[in-house]
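In what follows, a single structure is set out as structure tokens and then discussed.
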Amino acid sequence: MKISRRSFLAAMAAGAASTHATALLAADLPESLKVLGKRKGLNVGNAIGGRYFSDPAYKALMARECNMLVAENEGKWQALEPRQGQYNFGPADAMYAWAREQGMLVRGHNLVWQEAKWLPKWVNEFDFGAQPSKAAEALLRKHIVTVCSHFGDAIHSYDVVNEAVDPKTGGLRANVFTERMGALEQIDLSFRLAKEHAPKAQLVYNDYMRGDEGSAKHREGVLKLLHDLKSRGTPVHALGLQSHIGSWDDVSNGSKGQREWRKFLDEVTGMGLDLLITEFDVNDRKLPADVATRDAGVAALAKDYLDVTLSYKQCKDFLLWGMADHTSWLQEWKEAPRTDGQKMRPTPFDDQLRAKPLRDAIAAAIKAAPVRS
Ligand code: XIL
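Using our numbering, you'd call the opening residue of the sequence shown number 147 and step up by one each time.
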């Protein structure tokens with residue numbers, strides 16, 4: 147049966163009103179997302195930030211719903227080595243130890259974030275001396291070897307390289323490494339080092355392309371990068387689909403967005419790569435202020451997106467980038483705020499940890515997904 151986006155939105159709006167009124171706490175929900183996921187061979191995870199790692203109620207919600215953890219910031223180079231040679235593994239170690247106690251898998255995010263502004267300041271200012279390509283390679287090697295050796299088998303899956311493609315041009319972004327080593331060479335080496343020093347981990351290229359017209363160059367660039375890596379024999383296992391989707395995306399049945407998204411995922415999986423949804427949230431900044439309408443719009447888009455993306459059996463992990471609205475990075479992301487000053491509602495639970503229609507939509511999409519082998 148084909149349900150139109152409009153009738154689905156109306157149905158979700160009705161659902162939104164009732165769910166909001168009954169305000170279900172996670173403990174009252176019949177089945178956790180991780181139990182639903184397990185039935186399908188799908189891991190369900192969440193990015194937890196340091197601020198919320200000391201909140202027992204939030205952690206309990208995460209432990210109930212998820213069997214996978216990623217640190218929101220604590221595993222990044224800026225956090226692990228804020229000054230050259232001064233390592234700060236403590237916060238990530240604590241999170242990963244908790245994950246292990248809970249029986250959760252851990253994703254490492256990330257070894258190298260290509261855009262210069264996300265590299266440590268000292269790396270951007272590093273003196274590469276008379277043999278810059280050798281020095282750049284040595285610095286990259288030291289970082290990846292140190293981090294992979296420190297965490298060892300604790301990491302099930304690594305985002306080895308994050309956001310290497312410039313969405314505007316489809317070309318590879320520049321940074322102190324690419325300028326000295328060549329961009330493809332640096333990305334290739336990062337994967338080879340990760341393979342050598344985290345031999346059991348799944349190795350992922352992670353980026354934020356989507357199905358919309360504005361992402362056309364981004365998709366093209368990511369496909370080119372993946373083809374280039376595959377043809378060099380680079381050990382890349384999967385593409386991370388960040389999935390920071392927005393209410394303006396349209397991937398409903400029959401839409402151009404869905405056609406383009408499928409075409410993209412077909413080509414990626416055709417290369418033998420797996421898929422992961424690594425950072426899911428729904429930006430509601432263009433939806434009206436009314437909470438029920440907004441929550442319904444967010445849920446409807448999520449269902450459309452997840453139905454398409456989870457129809458690929460190669461997609462075996464689904465991770466949220468924050469589970470409750472007050473924990474979402476979007477509340478503080480100044481590049482695209484809501485203009486009415488309202489708090490964003492991009493995650494499946496509200497700031498009181500009550501389930502929202504988005505949580506229903508995610509559960510429904512997992513239930514509708516095929517079983518992974
Ligand atoms: C974001 C964090 O959520 C913020 O707290 C931080 O200030 C910036 O980074 N893509 C990624 C994530 O790969 O690492 C980003 O996380 C969100 C976009």
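All residues carry an ideal CB built from backbone N, CA and C; glycine is no exception.
Keep in mind that this is a model prediction, so the values were computed, not measured.
Residues sharing a beta bridge with residue i, DSSP
i      : result
Trp259 : Asn308
Phe464 : Val190, Ile423
Phe495 : Ala470, Ala501
Ser303 : Arg253, Gln348
Met214 : Gly191, Leu251
Ala384 : Val350, Asp420
Asn234 : None, per the DSSP bridge assignment.
Leu171 : Arg500
Ile333 : None, per the DSSP bridge assignment.
Leu318 : Val311
Pro390 : Rather than Pro, the amino acid found at residue 390 in this sequence is His. Paired residues: Asp427.
Arg287 : Arg287 is not bridged to any residue.
Arg229 : Gln232
Cβ-based neighbour list, residue i, same chain, cut-off 6 Å, excluding 5 preceding and 5 following
i      : result
Asn192 : Met208, Cys212, Leu466, Met469
Ser515 : Reading off the sequence, residue 515 comes out as Ala, not Ser. Around Ala515: Lys186, Leu456.
Ala435 : Asp486, Gln488
Leu504 : Val444, Ala445, Ala448, Pro494
Gly392 : Asn429
Asn308 : Asn256, Trp259, Asn352
Ala217 : Ala238, Met241
Gly195 : Glu218
Arg253 : Val216, Ser303
Leu452 : Ala511
Arg210 : Ala172, Ser178
Residue i burial status per 10 Å Cβ neighbour count (16 or more: buried)
i      : result
Glu342 : exposed
Ser398 : buried
Val293 : buried
Asn270 : exposed
Val517 : exposed
Gly360 : exposed
Gln498 : exposed
Glu425 : buried
Pro492 : buried
Asp412 : exposed
Ala172 : buried
Gln320 : Sequence check: residue 320 is Ala here, not Gln. Its Cβ having fewer than 16 others within 10 Å, Ala320 is exposed.
Arg440 : buried
Trp479 : exposed
Lys180 : buried
Ala206 : exposed
Ser563 : This structure cannot speak to residue 563, because the chain is shown only from 147 to 519.
Rounded separation between residue i and residue j - CA only
i      : j      : result
Arg431 : Ala384 : 30 Å
Asp93  : Gly231 : The structure shown does not extend to residue 93, since the chain spans only 147 to 519, so no value can be given for it.
Ala167 : Asp506 : Because the pLDDT of Ala167 is 40, which lies under 50, any placement of that residue in the model is unreliable, and the question is left without a value.
Val291 : Tyr204 : 33 Å
Phe274 : Leu182 : 51 Å
Pro237 : Leu226 : 9 Å
Gly221 : Val454 : 30 Å
Pro494 : Ala509 : 10 Å
Leu318 : Leu421 : 21 Å
Ile333 : Leu175 : 43 Å
Pro228 : His373 : 34 Å
Leu170 : Ser178 : 13 Å
Val119 : Ala329 : In the structure as shown, the chain begins at 147 and stops at 519. Residue 119 is therefore absent and cannot be evaluated.
Ile512 : Asp427 : 16 Å
Gln277 : His289 : 19 Å
Ala284 : Ser295 : 16 Å
Val437 : Ser200 : 29 Å
Tyr304 : Phe464 : 15 Å
Leu387 : Arg246 : 25 Å
Val414 : Ile301 : 24 Å
Trp244 : Gly400 : 44 Å
Met417 : Pro202 : 42 Å
Gly362 : Phe410 : The sequence given here has Ala at residue 362, not Gly. Each residue's alpha carbon lies about 10 Å from the other.
Asp450 : Gln248 : 31 Å
Ser377 : Leu286 : 23 Å
Cβ shell of residue i (< 7 Å), same chain only, five flanking positions each side left out
i      : result
Gly403 : Gly357, Asp358, Asp395, Asp396, Val397
Ser279 : Arg326, Met327
Asp496 : Ala470, Asp471, Lys502
Glu366 : Gly316
Asn234 : Ala225, Leu226, Pro228
Cys461 : Leu421, Leu422, Ile423, Thr455
His364 : Val311, Pro313, Gly316, Met355
Tyr198 : Tyr204, Thr473
Lys346 : Asp299
Residue i: CB within 8 Å of a non-hydrogen atom of the ligand FMN
i      : result
Gly487 : Judged by which ligands are present, the ligand FMN is missing from the structure shown, whose ligands are the ligand XIL.
Beta-carbon contacts of residue i that lie in its chain and below 8 Å, excluding the five residues immediately before and after
i      : result
Val322 : Ala262, Leu265, Val269, Asn270, Phe272, Phe274, Ala282
Pro381 : Phe337, Arg338, Ala340, Lys341, Leu349
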